[in-house]
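**Student:**
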Amino acid sequence: MRSVDTVLKEHPNAGRDSLIPILQEVQETEGYLSPEAIAEIGRRLNLPASKIYGVATFYNMFRFQPKGKYHVMVCRGTACHVKGSRKSLDMVIRVLKIEPGQTTRDRLFSLEVVACMGACGLAPVVNINGQFYAKITPMKLQRIIEECRAKERIHESA
1 MRSVDTVLKE
11 HPNAGRDSLI
21 PILQEVQETE
31 GYLSPEAIAE
41 IGRRLNLPAS
51 KIYGVATFYN
61 MFRFQPKGKY
71 HVMVCRGTAC
81 HVKGSRKSLD
91 MVIRVLKIEP
101 GQTTRDRLFS
111 LEVVACMGAC
121 GLAPVVNING
131 QFYAKITPMK
141 LQRIIEECRA
151 KERIHESA
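Here's what the structure looks like:
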């Protein structure tokens, strides 16, 4: 896996106009944008960290915490919204005790809200690590989260 330094070396004369592609590559490499990565990008591009955070926080594609082992993506597109995805999102927030964009302390779960997953006929939809769950309800989603936790308990005891 490439490091932040390697990404920056691939952009030797980079300026502010290269910031978004660099942030994308660093996130792809590291999994998220750490404070250390942002500081290093700032040093190399001669930009204050506040400017970099300003750009990165404007776009919801950037993460500032690593993804959890189970990355929960809740669709909030129109079809999912109309079919009640907000209730499932609220349940996840309550059960995992995290907000969208955050990761649980044990790094087991992370939560992301997306505008549309393109599976409107299956609404409401949740995606966990690439697996789609159709016509999700808060109860179904809570069972899925409990199953993920149970899998981890089995792995820990093995």
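Numbering of the sequence shown is given in the UniProt record's numbering, commencing with residue 1 and proceeding in unit increments.
C-beta atoms are modelled at their ideal positions from N, C-alpha and C, and glycine is treated no differently.
Restricting to Cα atoms, I'd like to know which of Glu40, Tyr32 and Glu36 is closest to Lys9.
**Tutor:** Glu40
**Student:** Would the beta-carbon of Met73 fall within 9 angstroms of that of Asn13?
**Tutor:** no
**Student:** Output needed for Phe62: all residues of its chain with C-beta closer than 7 angstroms, excluding positions within five of it in sequence on either side, in chain order.
**Tutor:** Leu23, Gln27, Leu33 and Ala56
**Student:** Just tell me which of Arg107, Leu108, Asp106 and Leu89 has its CA closest to the CA of Pro100.
**Tutor:** Measuring from the Cα of Pro100, the nearest candidate turns out to be Leu89.
**Student:** Can you tell me the Cβ-Cβ gap for Thr103 and Gln65, rounded? I've got them flagged as a contact below 8 angstroms.
**Tutor:** Contact between Thr103 and Gln65 is confirmed by a C-beta separation of about 5 angstroms, below the 8 angstroms threshold.
**Student:** For Ser18, collect the residues of the same chain with a Cβ closer than 7 angstroms to its Cβ; drop the 5 residues on either side in sequence, then sort them by chain order.
**Tutor:** So the qualifying residues of the chain are His11.
**Student:** From Cys120 to Ile136, what does the alpha carbon distance come to, in whole angstroms?
**Tutor:** The alpha-carbon atoms of Cys120 and Ile136 are separated by roughly 12 angstroms.
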